[in-house]
Amino acid sequence: LTSAAHALLRSGLGVRYVAAGHSPRSLGRRVHSICVGVARDMLGGGTEPRGAAEGEARAAAAGAMDGITFEGAGDGHSLLMALARIEAEELGRDDGHGDGEDGEEDDDNGTLLVVDSASSVLSHHLSGDRLGP
Numbered sequence: 003l004t005s006a007a008h009a010l011l012r013s014g015l016g017v018r019y020v021a022a023g024h025s026p027r028s029l030g031r032r033v034h035s036i037c038v039g040v041a042r043d044m045l046g047g048g049t050e051p052r053g054a055a056e057g058e059a060r061a062a063a064a065g066a067m068d069g070i071t072f073e074g075a076g077d078g079h080s081l082l083m084a085l086a087r088i089e090a091e092e093l094g095r096d097d098g099h100g101d102g103e104d105g106e107e108d109d110d111n112g113t114l115l116v117v118d119s120a121s122s123v124l125s126h127h128l129s130g131d132r133l134g135p
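Now the structure itself:
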């Protein structure tokens, strides 16, 4: 989650977060609070809330949250389907011309893909009968 927050605020990357066994809402709340801390640090205020800078940090965090999408994956099949869909969407967005669909400059800095807890989704497919989870 911390890597996602730093990618959003410091690098301007989009983030696609695929999680197994987590609620997207709770992940969103946690990423937002981490983004507020990162924004505070970027504004030179440290990680503690302080006056007017707190409002700026919260505004920056709220804006950064537009750059992240969450998906759930309950099993290996749904994880692979999500990854295939993400790949198709990413390849569809990158037309190779450096411009958006409407002819304007494309401001996409790239995308960070996070697959969280994939081992819990895939481990029983990868391990033998004698191996533990």
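Residue 3 is where the sequence shown starts when you use our numbering, and the numbers rise one by one after that. From the three backbone atoms N, C-alpha and C, an ideal C-beta is built for every residue, glycine too.
Taking the straight line between their C-alpha atoms, what separation do you get for residue i and residue j?
{"i": "L115", "j": "H79", "result": "18 Å"}
{"i": "S13", "j": "T71", "result": "16 Å"}
{"i": "D77", "j": "A54", "result": "45 Å"}
{"i": "T113", "j": "L15", "result": "5 Å"}
{"i": "S28", "j": "A41", "result": "20 Å"}
{"i": "R32", "j": "L45", "result": "20 Å"}
Counting along the chain, where does the beta strand (DSSP E) carrying residue i start and finish?
{"i": "G74", "result": "70-74"}
{"i": "D118", "result": "113-118"}
What does the Cβ neighbour count give for residue i, buried or exposed, with the cut at 16 atoms within 10 Å?
{"i": "L93", "result": "exposed"}
{"i": "L11", "result": "buried"}
{"i": "G69", "result": "buried"}
{"i": "G65", "result": "exposed"}
{"i": "G167", "result": "Only positions 3 to 135 of the chain appear in the structure, and residue 167 is not among them; the question remains open."}
{"i": "R18", "result": "buried"}
{"i": "L82", "result": "exposed"}
{"i": "A90", "result": "exposed"}
{"i": "A63", "result": "buried"}
{"i": "A86", "result": "exposed"}
According to DSSP, simplified to helix, strand and coil, what is residue i?
{"i": "G23", "result": "coil"}
{"i": "H39", "result": "A quick correction: the sequence has Gly, not His, at residue 39. Helix at G39."}
{"i": "L3", "result": "coil"}
{"i": "L45", "result": "coil"}
Specify, as a first and last residue, the run of the alpha helix (DSSP H) that residue i falls within.
{"i": "R87", "result": "78-95"}
{"i": "S13", "result": "Careful: S13 lies outside any alpha helix (DSSP H) and carries neither H nor E."}
{"i": "G53", "result": "53-66"}
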